[in-house]
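Protein chains in written order, with our numbering: chain A, 1 to 296; chain B, 1001 to 1253.
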């Protein structure tokens, strides 16, 4: 394993009940990069992260954190974790929670630094149960930063955050990454992956079906999207050759096709009043849909 | 699943973990009020105000010992049972396992919390016994009673842990109460066993609370059944077996 690798799954398979949650997954997280793990619900994202954290033992293959077994406390002292599901004790204050989690690490960040990074400075004396949903997420993020981690696990970090909190959160993550911290991110907000990630891995049915930079993932999909305002109906457009899918959103019509040129000729001929015409390569969302559909 | 590590960081962290555990329980009225108030209330009612003593039976003495035992069961049974069930269900246990929490500190902190509550309950009852119940004992007897009651929290911590690994967060309080209240009555902790039907007296040695009650009575020179060694052996074996089953269940997640 390269010394630049901070976390790794090598040929990891894991069966959970009747479901093959992971099926021969190989992936490596490099020092200082943001790696977004994407895929539909049930694709194996949580199992992949749990395996990297040592919470789940793989049936086959190997998980490594900094070259060691993830169950090894010394390896986990170099990471920070924010899990989607964890509910912290309501009756402890933010400051008390920070003091506890700081005690897990050899050289923790100061409470003031953690609070400033997570935007919690005026909330240290507030009980966790009295925080709003967004503030609770920030408190959980703060706990993940306590140990000056070299690798940060963020599982759906911005669910429940308002726009302002989310912007602050993204800025904080960029600052950490600029100082050399690597991040493993799972998210349902693709704009979050686009805003933060250097690389994306796409899981579908327990297999890593695509991996690469955002542009590379988009380019894997030959599909184009035509967007316009037209009086034509969806059924009419759907009947043309080469049209893969049609969606109407208000007065806008979206046409998905691998061959935009013949479809455009047809469109301009059929509706001479067509307006606001636009052709673009598929976005990340469409690319993911396509990649996971192919894998199904 | 985590390797056992107890280095300087882990030792220092244990103090933080125990303090956090104690504070959060202290600030939970649904735990702290029944745990700290019920034993002295019942003692004052049955042992002092009603003073059910007659003949050679000294109610203020006898009931001070048995309400100490009644009291210390609660931080073990509820302090472990309810918190472990909640933390399993709500993901806190998983987060702490992913974070570098030294694995033994999770249960050690809860044990420390239970011991502090047990000591508080025993002190309260001793003060009430002395000033309200007129209980006078040798210094050595007070110390023995305190040791029996405070160390006696251990089997109920193990039992609480088992409840916590078997129940949901919502159900855990009900299940713990279903064990706690009947067992206290059937073990002669509320009222002396000789006031209860013969059949209840006959099955009493099944319950760990009965054995701890007999040790507490013996410590202050009240009449008790069985040998001290037998009670200690029963309680040690009970603790070991229940803890082994519970910690295996906890590790499997």
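All C-beta atoms in this analysis are idealised placements derived from N, C-alpha and C, irrespective of residue type, glycine included.
Exercise. What number of angstroms, rounded off, separates the C-alpha of residue 48(A) from the C-alpha of residue 1104(B)?
Worked result: Approximately 26 angstroms between the Cα atoms of the pair.
Exercise. Taking Cβ positions only, does residue 157(A) come closer than 8 angstroms to chain B?
Worked result: Not one chain B Cβ lies under 8 angstroms of residue 157(A).
For this session: For residue 58(A), return the contacting residues in chain B, with the cut-off set at a CB-CB distance below 7 angstroms.
Result: The premise fails here: residue 58(A) is roughly 12 angstroms from chain B at the closest Cβ pair, so nothing lies under 7 angstroms.
Exercise. According to DSSP, what are the bridge partners of residue 1106(B)?
Worked result: In the DSSP assignment, no residue is bridged to residue 1106(B).
For this session: Indicate whether at least one CB of chain B lies closer than 8 angstroms to the CB of residue 150(A).
Result: Among the residues facing chain B, residue 150(A) is not included, as its CB has no counterpart in that chain under 8 angstroms away.
Exercise. Between the Cα of residue 292(A) and the Cα atoms of 50(A), 38(A), 5(A), 29(A), which residue gives the shortest distance?
Worked result: When 50(A), 38(A), 5(A), 29(A) are compared, the shortest CA-CA separation from residue 292(A) is found for 38(A).
For this session: Whole angstroms is fine: what's the gap from residue 210(A)'s alpha carbon to residue 36(A)'s?
Result: Here the alpha carbons of residue 36(A) and residue 210(A) stand approximately 12 angstroms from one another.
Exercise. Can a CB atom of chain A be found closer than 8 angstroms to the CB of residue 1028(B)?
Worked result: Taking Cβ atoms only, chain A reaches closer than 8 angstroms to residue 1028(B), which makes this a yes.
Exercise. Just to confirm, are residue 1098(B) and residue 83(A) a CB contact at a threshold of 8 angstroms?
Worked result: Going by C-beta atoms, residue 1098(B) is nearer than 8 angstroms to residue 83(A).
Problem set entry | residue 273(A) burial status per 10 Å Cβ neighbour count (16 or more: buried) | Exposed, because fewer than 16 other Cβ atoms sit within 10 Å of the Cβ of residue 273(A).
For this session: Would you mind giving the Cβ-Cβ distance between residue 1014(B) and residue 1109(B), rounded to the nearest angstrom? I have them listed as a contact below 8 angstroms.
Result: Indeed, because the Cβ distance is near 6 angstroms, the residues count as touching under 8 angstroms.
For this session: Taking residue 204(A) as part of the beta strand (DSSP E), name the residues at either end of that continuous run.
Result: Looking at the DSSP string, the run of the beta strand (DSSP E) that includes residue 204(A) is 199-204.
Exercise. What is the rounded straight-line gap between the Cα of residue 170(A) and the Cα of residue 250(A)?
Worked result: The straight-line gap from Cα to Cα measures roughly 32 angstroms.
Problem set entry | Any chain A beta carbon closer than 8 angstroms to residue 1184(B) | For residue 1184(B), not one C-beta of chain A is nearer than 8 angstroms to its own C-beta.
Exercise. With respect to the alpha helix (DSSP H) encompassing residue 1096(B), which residues constitute its N-terminal and C-terminal limits?
Worked result: From DSSP, the alpha helix (DSSP H) with residue 1096(B) extends over 1092-1098.
Exercise. Would you report the Cα separation of residue 186(A) and residue 192(A), rounded to the nearest angstrom?
Worked result: Straight-line measurement puts the Cα of residue 192(A) at about 9 angstroms from the Cα of residue 186(A).
Problem set entry | Contacts of residue 87(A) in chain B (Cβ-Cβ under 7 angstroms) | At a beta-carbon threshold of 7 angstroms, the residues of chain B lying near residue 87(A) are 1090, 1091, 1092, ordered along the chain.
Exercise. CB-CB under 8 angstroms to residue 25(A), same chain, minus the five flanking residues each way: which ones, in chain order?
Worked result: In the same chain as residue 25(A), and ignoring 5 residues on each side of it, the C-beta atoms closer than 8 angstroms to its own belong to 9, 11, 12, 13, 44, 48, 61, 203, 206, 207, 208, in chain order.
For this session: Have a look at residue 1114(B) and residue 53(A) and give me their C-alpha separation to the nearest angstrom.
Result: Here the C-alpha atom of residue 1114(B) lies approximately 31 angstroms from the C-alpha atom of residue 53(A).
For this session: Could you name the residues of the stretch 1007-1022 of chain B whose beta carbon sits closer than 7 angstroms to any beta carbon of chain A, in the order they occur along the chain?
Result: Listed by position along the chain: 1009, 1012, 1013, 1016, 1017, 1020.
Exercise. Assuming residue 1036(B) and residue 1150(B) make a contact with CB atoms under 8 angstroms, what is their CB distance in whole Å?
Worked result: Cβ atoms of residue 1036(B) and residue 1150(B) stay farther apart than 8 angstroms, at about 15 angstroms.
Exercise. Using a Cβ-Cβ cut-off of 7 angstroms (strictly less than) and excluding sequence neighbours within five positions of residue 270(A), which residues of its own chain qualify?
Worked result: So the qualifying residues of the chain are 232.
Problem set entry | Bounding residues of the beta strand (DSSP E) (the contiguous stretch that carries residue 14(A)) | Run containing residue 14(A): 5-16, per the beta strand (DSSP E) assignment.
Problem set entry | Coarse secondary structure for residue 290(A), derived from DSSP in three states | DSSP, read as helix, strand or coil, puts residue 290(A) in helix.
For this session: Count the CB pairs spanning the stretch 155-169 of chain A and the stretch 81-100 of chain A that are closer than 8 angstroms, and state whether there are at least three.
Result: Yes, the stretch 155-169 of chain A is in contact with the stretch 81-100 of chain A.
Problem set entry | Residue-chain proximity (residue 110(A), chain B), Cβ-Cβ < 8 angstroms | Not flagged as an interface residue toward chain B: residue 110(A), since no C-beta distance is shorter than 8 angstroms.
Exercise. Can you find a C-beta in chain B that's less than 8 angstroms from the C-beta of residue 184(A)?
Worked result: Not an interface residue.
Exercise. With burial defined as no fewer than 16 other Cβ atoms inside 10 Å of the residue's Cβ, what is the status of residue 1140(B): buried or exposed?
Worked result: Answer is exposed; the Cβ neighbour count stays below 16.
For this session: Compute the Euclidean distance between the alpha carbons of residue 1030(B) and residue 1173(B), then round it to the nearest angstrom.
Result: Using only the alpha carbons, I get a separation of about 10 angstroms.
Problem set entry | Within-8 angstroms CB hit, residue 1102(B) to chain A | Chain A contact via Cβ: present.
For this session: Can you give me the Cβ contacts of residue 1003(B) inside the same chain, cut-off strictly under 7 angstroms, excluding the 5 residues immediately before and after it?
Result: Unreliable positioning characterises residue 1003(B) in this predicted model, as indicated by a pLDDT of 49, which lies under 50. The coordinate reading is nonetheless provided below. Same-chain partners within the cutoff: there are none.
Problem set entry | Close beta carbons around residue 201(A), own chain, < 6 angstroms, minus the five adjacent residues each side | Spatial neighbours of residue 201(A) in its own chain (CB-CB distance under 6 angstroms, excluding positions within 5 residues in sequence) are listed in chain order as 27, 37, 208, 211.
Exercise. Terminal residues of the continuous alpha helix (DSSP H) containing residue 1068(B)?
Worked result: For residue 1068(B), the enclosing alpha helix (DSSP H) has its first and last residue at 1059-1089.
Exercise. Taking the continuous beta strand (DSSP E) assigned at residue 35(A), which residues delimit it?
Worked result: If you look at residue 35(A), you'll find it in the beta strand (DSSP E) that goes 34-38.
For this session: For residue 1050(B), count neighbouring Cβ atoms within 10 angstroms of its own Cβ and tell me buried if that reaches 16, exposed if not.
Result: Classification for residue 1050(B): exposed.
Exercise. Can you give the Cα-Cα distance for residue 1081(B) and residue 1158(B), rounded to whole angstroms?
Worked result: Going by the C-alpha atoms only, they are around 9 angstroms apart.
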